[in-house]
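The structure under discussion appears below in the form of structure tokens.
In our numbering, the protein residues as written are 207 to 317.
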């Protein structure tokens, strides 16, 4: 079962931002897109899964969204689902944090 994280930000993570984050932690890694970019998968140089990002969604009800998070920030506009496989929890979380930092967002656990 994967670990469920949420990337909260004001801007959606672009393919370029994701690719830069991958390169910063796994220089041989790559980004693979499915469903016209609605599902993006980061893999390391050996093809092992690091994390999966799903299409960003605007926050309609901030109170309900905050209730679903372990550590909600004070403000956020977009919700991006992120899953990390348990076997790569540390690497996946580090990659998610690097990406969030690059776009001015934050990562938290989903409850």
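All C-beta atoms, glycine included, are put in the ideal place defined by N, C-alpha and C. All of these numbers come straight from a predicted model, not from anything done at the bench.
For residue 311 and residue 213, the gap between their C-alpha atoms comes out near 7 Å.
In the DSSP assignment, the residues bridged to residue 249 are 236 and 255.
With respect to residue 316, residue 280 sits apart: the two C-beta atoms are not nearer than 8 Å. Look at the beta carbons and you see the stretch 235 to 247 not touching the stretch 262 to 276: under three pairs across the two are nearer than 8 Å. For residue 222 and residue 298, the gap between their C-alpha atoms comes out near 18 Å. If you look at residue 313, you'll find it in the beta strand (DSSP E) that goes 312 to 315.
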